[in-house]
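Residue 233 in this note's numbering is what sits at position 231 of the sequence shown, and the numbering runs on without skipping anything. Cβ atoms here follow ideal geometry from the backbone N, Cα and C, with glycine treated the same way. Reviewing the structure listed below.
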Amino acid sequence: MNKVKPTIEDVARAAGVSRASASRVINGAPGASDLVRARVHAAVAELGYRPNEVARALASGRQRAVDVVAVTCGRPIGWLGTDPYFSRVVAGLMPVLEGVNAQLRLHTIDRERAAEAIETIAANATLGAVLADTTPDLATRFYRRCRRIVSMVPTAALVPAMEADNIDGAIAAVNELHRLGRRRIAAIHGPAVNPCASDRRTGFRRAVRQLGLVDVSVDGDFHRDGGYQAARRLLDQDPEIDAMLVANDLMAAGAVQAITATGRRIPDDVSIIGFDDSIAAVCANPQLTTMRLPVEDMAAAAARLLLNGTPAAGYRQRFSVDLIRRDSTPDRAGGARVALRDVDDTNRQAPID
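Written out as structure tokens, the structure reads:
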């Protein structure tokens, strides 16, 4: 005999609240106290309750969907086609959503209208939203309106998130360049408002301080031409630079073009390490050594979390960032340049207890 699945009435009874209160908590709606929310979540966990998403969608007349939200840095046009990060998010989500009667809805928001757009998207969410690139304040705003969200970037304490170890990744990159004998290591940082860029900046500064190096850096915009211009500025200001850490692969590809345009050789004169391990890394010439961000795995984990119901407040799932060696850094050992690990072996994650 099949075990009878618990209902929302069972949850309400176990929590000692009304069905309406239990429904508000399970659906992430406002109007319930913290005590009531804690009791309902405890009852849900104890009973193993799972909402019937199909029934909820039919009752509301809305199609079940996962919304992907990105706040762009000044270039809303062509964001999906020109930035490999966002297409990798989609690539990670789609296999999980196949066969579960769910759509994928993409939203790009410019910063000026972000608050208003966040309110609208949250009000119409069904399965929930994956915040591909939003600031902690906007994530908090979304969370107040709809608790079925997962951030892909560092965020506010209450907002559930997939976290890549950007700080340690940047530290590992600087240490690798230092191990290779580089002593004038510069950085091209990403936009100050981007949480991942902020963490990578923190890691770079921590590493150069620990190694006793000078902090030589400029800001970029996560685009190829921004990386080109930033690298040219660095080399004009400090011709002795012998290595660069660049906060994403698109900018690193532009930096490669700038370095070679000055007559310098990569990696002999200037070594370079990017960040992400996107298609831009393998299309650059030479191919980029980079810190691999497991974006597809993070997006898939976010989708599975949303399909399981409303994530617990403050949930975290951590992912390592791994060094992938290619031709933009020298191989002092004289062997072939290969990745430290196979690309398929990077999903080492563990939820926080």
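Looking at A209 and I173, is the spacing between their C-beta atoms short of 8 Å? On the sequence shown, position 171 is the one that residue 173 refers to. On the sequence shown, position 207 is the one that residue 209 refers to. Yes, the pair counts as a contact, with Cβ atoms nearer than the cut-off.
State buried or exposed for C285, treating a residue as buried only when at least 16 other CB atoms are found within 10 Å of its CB. Translated into positions along the sequence shown, residue 285 becomes position 283. With fewer than 16 other Cβ atoms within 10 Å, it is exposed.
Could you say if the region 276 to 292 and the region 241 to 254 meet the contact criterion of at least three C-beta pairs nearer than 8 Å? Counting Cβ pairs under 8 Å, three or more are found: they touch.
Considering V248, what are the terminal residues of the beta strand (DSSP E) in which it resides? Counting from 1 along the sequence shown, the entry for residue 248 is found at position 246. Run containing V248: A245 to V248, per the beta strand (DSSP E) assignment.
Straight-line CA distance for T262 to L295? Against the sequence shown, residue 262 aligns to sequence position 260. Against the sequence shown, residue 295 aligns to sequence position 293. Spanning the two alpha carbons is a distance of roughly 26 Å.
Counting only the same chain and skipping the five closest in sequence on each side, list residues whose C-beta sits under 6 Å from that of P353. Here residue 353 is taken as the residue at index 351 of the sequence shown, counted from 1. With a pLDDT of only 37 at P353, under the threshold of 50, the placement of this residue in the model should not be trusted; the figure read from the coordinates follows. Counting only Cβ-Cβ distances below 6 Å, and skipping sequence neighbours, we find Q319.
Go through its chain and collect everything with a Cβ distance to L95's Cβ below 8 Å, but skip five positions before and after it. Counted from its first residue, the sequence shown places residue 95 at position 93. In chain order, V68, V70, L106, V132, A301, A302, A304 and A305 place their CB closer than 8 Å to the CB of L95, counting only its own chain and leaving out the 5 sequence neighbours on each side.
What's the C-alpha gap between I120 and L129? For the purposes of this step, residue 120 is taken as residue 118 along the sequence shown, with counting starting at 1. For the purposes of this step, residue 129 is taken as residue 127 along the sequence shown, with counting starting at 1. I120 and L129 have their C-alpha atoms spaced approximately 16 Å apart.
Considering only residues of the same chain and omitting the five flanking positions on each side of T74, which have a CB-CB separation below 8 Å? Here residue 74 is taken as the residue at index 72 of the sequence shown, counted from 1. Here the set comprises W81, T110, I111, D112, R113 and D135.
Out of A315, P313 and E298, which one is the CA nearest neighbour of V92? Stepping through the sequence shown from its first residue, residue 92 is reached at position 90. The shortest C-alpha to C-alpha distance from V92 to any of A315, P313 and E298 is the one to E298.
If contact is defined by three or more beta carbon pairs under 8 Å, each pair taking one atom from either stretch, is the region 136 to 145 in contact with the region 172 to 188? Touching, no.
Whole runs of the beta strand (DSSP E) within the region 146 to 207, excluding any shorter than 3 residues: DSSP runs (the beta strand (DSSP E)) wholly in the region 146 to 207: 151 to 153, 163 to 166 and 187 to 191.
D217 burial status per 10 Å Cβ neighbour count (16 or more: buried): The sequence position of residue 217 within the sequence shown is 215, counting from 1. By the neighbour-count rule (16 or more Cβ atoms within 10 Å), D217 is not buried but exposed.
Taking the alpha carbon of L49 as the point to measure from, which residue in V13, R21 and N287 has its own alpha carbon closest? For the purposes of this step, residue 49 is taken as the residue at position 47 of the sequence shown. Measuring from the Cα of L49, the nearest candidate turns out to be V13.
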